[in-house]
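Everything below concerns the one structure shown next.
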Amino acid sequence: MLIYPLFISDQDDEEALIPSLPGQYRRGINKTMAYVETLVRKGLRSVMLFGVPVRPGVKDALGTAADDPEGPVIRSIRAIRQRFPQLFICADVCLCEYTSHGHCGILRDDGSLNNQLSVDRISDVAIAYALAGAHCVAPSDMNDGRIRAIKLKLIEEGIAHKTVLMSYSAKFSGCLYGPFRDAAGSAPSFGDRKCYQLPPGGRGLARRAIVRDIGEGADIIMVKPASQYLDIISDAKELGKDMPVAAYQVSGEFAMIHAAAKSGVFDLKQMAFESTEGILRAGATIVISYFTPDFLDWLST
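Counting from 30, one number per residue, gives the positions in the sequence shown under my numbering.
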């Protein structure tokens, strides 16, 4: 299964090219709906929504715009559910796009992350997306305990049976997220995310996080990035034997493939397939990929 990431602006008619992410755009809801219609006609089955507030003054320390009923994600969930009922809608759940500081949670006065307040806030956002109609909520913040908190609130709301909980269980810090942060405007204003994302060499930490999230009620385990962490994808398949495993081929991976193809190192289409086949071979059953529109074209000819 392929899932296509969509960056949705709070400017309804915006359509802005993302320079560091070849061929990808940040779109307002009106442009998004028109574009999704063209992809659905080609066979698109699933999307992942990322809200991008660009209006001045929207961001604050608590990320209050994340679950605004008139914000880009909730409006898009409702519109897509109504117009394209066949689409499986995933909603990324994080605060970094909505906080004034760009971190994935609520901060203490000293700038460190307050895990409990962050988990409370993230779980509230997840429930808002689920109640709006998202088939799947995917918390990407990496705060400890957020899967359990979200699962309990889904049960409390009576919607756990119809909401898939996809956990970014093994999300590694590193240098492959640059184009995404350009697209989403989510780069931290100070420091980095190494204190709550996994170190690149942290296989043991990743395995522990996967086991923890399975125990807390995750329905799908995700590994991110993908190509540099094929061993972790394999580990996730082993640890969650009967669970779907998702892998996110992130913006930096996508941009590198495009850059190398542009310079003549290899053919873009061949490498897009080869890299994705490697991810699937490692054990992923779901791939979140910016190549999804290309695959829809390539596989139809």
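Built from N, CA and C at the ideal position, the CB exists for glycine as well.
Inset, instruction - Can you grab the Cα-Cα spacing for the pair K180 / S147, in whole Å? - result: Translated into the one-based positions of the sequence shown, residue 180 becomes position 151. Translated into the one-based positions of the sequence shown, residue 147 becomes position 118. When rounded, the distance between both Cα atoms is 15 Å.
Inset, instruction - May I ask which residues mark the beginning and end of the alpha helix (DSSP H) holding V69? - result: For the purposes of this step, residue 69 is taken as the residue at position 40 of the sequence shown. Bounds of the alpha helix (DSSP H) holding V69 are I58 to K71.
Inset, instruction - Under the assumption that W327 contacts K298 (Cβ atoms under 8 Å), give the Cβ distance between them as a whole number of angstroms. - result: Sequence index remark: in the sequence shown, residue 327 carries index 298 (1-based). Sequence index remark: in the sequence shown, residue 298 carries index 269 (1-based). Yes, they are in contact, since the Cβ atoms of W327 and K298 sit about 6 Å apart, within 8 Å.
Legend entry - G162 versus R104 - alpha carbon distance: The residue labelled residue 162 in the question sits at position 133 within the sequence shown. The residue labelled residue 104 in the question sits at position 75 within the sequence shown. So the alpha carbons of these two residues sit roughly 10 Å apart.
Legend entry - Where Y127 sits in the DSSP three-state scheme: Mapped onto the sequence shown, residue 127 falls at position 98. If DSSP states are grouped into helix, strand and coil, Y127 belongs with coil.
Inset, instruction - Would you mind reading off the limits of the beta strand (DSSP E) that contains L78? - result: Locating residue 78 in the sequence shown gives position 49, where the first residue counts as 1. Residues S75 to V81.
Inset, instruction - Please name the residue or residues paired with T276 in a DSSP beta bridge. - result: What you label residue 276 is simply residue 247 of the sequence shown in a count that begins at 1. It should be noted that the sequence gives Ala, not Thr, for residue 276. Among the bridge pairs identified by DSSP, A276 is matched with V252 and V316.
Inset, instruction - Assuming I118 and C165 form a contact by the criterion Cβ under 8 Å, report the distance between their Cβ atoms to the nearest whole angstrom. - result: Taking the first residue of the sequence shown as 1, we reach residue 118 at position 89. Taking the first residue of the sequence shown as 1, we reach residue 165 at position 136. Beta-carbon to beta-carbon, I118 and C165 are separated by about 7 Å, close enough to satisfy the 8 Å threshold.
Legend entry - H190 burial status per 10 Å Cβ neighbour count (16 or more: buried): In the sequence shown, residue 190 corresponds to position 161, counting from 1. Per the 10 Å Cβ criterion, exposed.
Inset, instruction - Report yes if the C-beta distance between A159 and I188 is below 7 Å; otherwise report no. - result: For the purposes of this step, residue 159 is identified with residue 130 of the sequence shown, where counting begins at 1. For the purposes of this step, residue 188 is identified with residue 159 of the sequence shown, where counting begins at 1. Inclusion of A159 and I188 in the CB contact set at 7 Å is warranted, their separation being smaller than that value.
Legend entry - Closest Cα partner of I58 within the set P51, L50, G52 and V81: For this step, residue 58 is matched to residue 29 along the sequence shown. Of P51, L50, G52 and V81, the smallest CA-CA separation from I58 is found for V81.
Legend entry - Rounded Cβ spacing between S202 and P168 (contact assumed at less than 8 Å): As a first step, residue 202 must be located in the sequence shown, where it is residue number 173. As a first step, residue 168 must be located in the sequence shown, where it is residue number 139. Distance from S202 to P168 at the Cβ level is roughly 17 Å; contact not present, criterion being Cβ atoms closer than 8 Å.
Inset, instruction - Compute the beta-carbon to beta-carbon distance between T314 and P273, rounded to the nearest angstrom, for a pair I have assumed lies under 8 Å. - result: On the sequence shown, position 285 is the one that residue 314 refers to. On the sequence shown, position 244 is the one that residue 273 refers to. Contact between T314 and P273 holds, since their C-beta atoms are separated by about 5 Å, short of 8 Å.
Legend entry - Through-space distance from P208 to R70, alpha-carbon basis: Walking along the sequence shown from the start, residue 70 turns up at place 41. Walking along the sequence shown from the start, residue 208 turns up at place 179. Rounded to the nearest angstrom, the two C-alpha atoms are 28 Å apart.
Inset, instruction - Within the segment 133-201, note down every full beta strand (DSSP E) run reaching 3 residues or more, in order along the chain. - result: Counting only runs of 3 or more, we get 165-168 and 193-200.
Inset, instruction - Would you mind giving the Cβ-Cβ distance between L325 and G72, rounded to the nearest angstrom? I have them listed as a contact below 8 Å. - result: Here residue 325 refers to the residue found at position 296 of the sequence shown. Here residue 72 refers to the residue found at position 43 of the sequence shown. Indeed, because the Cβ distance is near 6 Å, the residues count as touching under 8 Å.
Legend entry - Assumed close pair S198, A247 - CB separation to whole angstroms, cut-off 8 Å: As a first step, residue 198 must be located in the sequence shown, where it is residue number 169. As a first step, residue 247 must be located in the sequence shown, where it is residue number 218. Sure, about 7 Å apart at Cβ, within 8 Å.
Legend entry - When V65, L91 and D42 are compared against V83, the one with the closest alpha-carbon: The count along the sequence shown starts at 1 and reaches residue 83 at position 54. Comparing Cα positions, the closest option is D42.
Inset, instruction - Measure the alpha-carbon distance for R232 versus D264 and round it to whole angstroms. - result: In the sequence shown, residue 232 corresponds to position 203, counting from 1. In the sequence shown, residue 264 corresponds to position 235, counting from 1. Going from the Cα of R232 to the Cα of D264 covers about 9 Å.
Inset, instruction - Leaving aside the five residues before and after T192 along the sequence, list all residues of the same chain whose C-beta is less than 8 Å from its C-beta, in chain order. - result: On the sequence shown, residue 192 is found 163 positions in, with the first residue counted as 1. Short of 8 Å from the beta carbon of T192, and not among the five residues preceding or following it, lie these beta carbons of its own chain, in chain order: A159, A163, H164, C165, V166 and L183.
Legend entry - Those residues which DSSP pairs with L46 across a bridge: Working through the sequence shown from its first residue, we reach residue 46 at position 17. Within the DSSP secondary-structure output, L46 pairs in a beta bridge with Y54.
Legend entry - Test item: CB-CB of V316 and T330 under 7 Å: What you label residue 316 is simply residue 287 of the sequence shown in a count that begins at 1. What you label residue 330 is simply residue 301 of the sequence shown in a count that begins at 1. No. Outside cutoff.
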